[in-house]
Structures are given as structure tokens and as C-alpha cells.
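Student:
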Amino acid sequence: MTRRTSGLGLAAVGAALLLGSAAAPAAQAAEQGAPELPTPSAHLSKTEVGPAVHATTSALGYAFAPAKSLRLDPFAQSSADLLDNELAVKPDQGLRPVTTQTLTGPLSNGGGAKDLVGVGPALGLLPG
């Protein structure tokens with residue numbers, strides 16, 4: 401005669417042992433209560449505004465500098481550059497032609513936001 405057993409009974413015994421051993425330390429911790437925290441031995445000093453402002457402005461300079469010079473046109477100076485074109489309008493009366501090269505030139509040459517006509521001087525106000 402062969403004896404057949406299922407793994408279900410063995411799993412139930414293992415789960416009971418596992419849960420029983422985990423419940424005992426949890427019950428002891430609930431009886432003892434939470435330990436008291438020690439009183440702080442040091443007090444915080446007052447913050448000086450000058451060094452805090454200096455640290456903030458110098459950190460902002462390091463954060464803004466790469467953003468100002470980041471290359472905005474990934475296809476700049478390549479044959480696939482869409483901004484490497486020029487449209488010129490030549491008005492009557494012998495006036496100078498009006499072109500788009502002033503606006504698209506800095507971008508098609510690989511420049512960043514600091515090289516743009518209207519934005520560049522405004523970005524000079526930011527640190528970095």
C-alpha cells in the first residue's frame with residue numbers, strides 16, 4: 401500500500417509556525433510601549449542672511465549657465481538644418497532688404513538661448 405500526501409497540509413503547518421513566531425515579538429513590543437526619545441543636547445543657531453543669499457545665488461549661477469548655452473537646434477551646422485535658410489524682402493525706394501537671417505542665424509550656427517536677438521540680453525540678468 402502506498403501512502404499519498406498532499407502538500408496542502410505541510411503548507412498549513414509551515415504557515416502556522418511562521419505566523420506564530422512573528423506574533424510573539426509583536427505582542428511583547430505592544431506591552432513595553434515605545435521607547436522615549438532623548439532630549440536634544442544642542443540648539444539650532446540663527447541663520448545669517450548674507451551667507452545664505454550668497455550660497456543661493458552662486459548655486460543658481462551653476463544651474464543657469466548650462467541652460468543659457470544649451471544648443472537649441474540639434475541639426476545646426478548640418479545638411480538637415482531647417483533653420484539654415486534666409487528669406488529676404490527688398491522694399492522699394494532703395495531701402496535695405498529685411499531678412500530672417502538675423503533671427504535664424506544664431507540658431508543655425510549652433511548657438512544657445514543667450515545668442516538669440518530678443519532673449520539674450522534678458523538672460524544676462526540671470527546669474528551664471
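Numbering (our numbering), first residue to last: 401 to 528.
Even glycine gets a Cβ: it sits at the ideal position worked out from N, Cα and C.
#1: Whole alpha helix (DSSP H) runs in the region 422–487 with 4 or more residues, listed along the chain?
#2: Cα separation between GLU486 and GLY494?
#3: Is the region 471–478 in contact with the region 502–518, if contact means three or more CB pairs nearer than 8 angstroms?
#4: Kindly indicate the opening and closing residues of the alpha helix (DSSP H) around GLY510.
#5: With a threshold of 16 other CB atoms inside 10 Å of the CB of LYS490, please say whether the residue is buried or exposed.
#6: My assumption, with CB atoms under 8 angstroms, is that GLY528 sits in contact with TYR462. Please give the rounded CB distance.
#7: On the CB-based measure, 16 or more other CB atoms within 10 Å of its CB, does LYS514 come out buried or exposed?
#8: Would you please verify whether the beta carbon of VAL498 is less than 8 angstroms from any beta carbon of chain D?
Tutor: Looking at the atomic coordinates:
#1: As far as the region 422–487 is concerned, its whole alpha helix (DSSP H) runs of at least 4 residues are 449–469.
#2: GLU486 and GLY494: Cα-Cα distance of roughly 20 angstroms.
#3: In short, these stretches touch, since the Cβ pair count reaches three.
#4: GLY510 -> no alpha helix (DSSP H), and no H or E assigned at all.
#5: Label assigned to LYS490: exposed.
#6: Yes, they are in contact, since the Cβ atoms of GLY528 and TYR462 sit about 7 angstroms apart, within 8 angstroms.
#7: Buried is the call here.
#8: The structure shown contains no chain D; it holds only a single protein chain.
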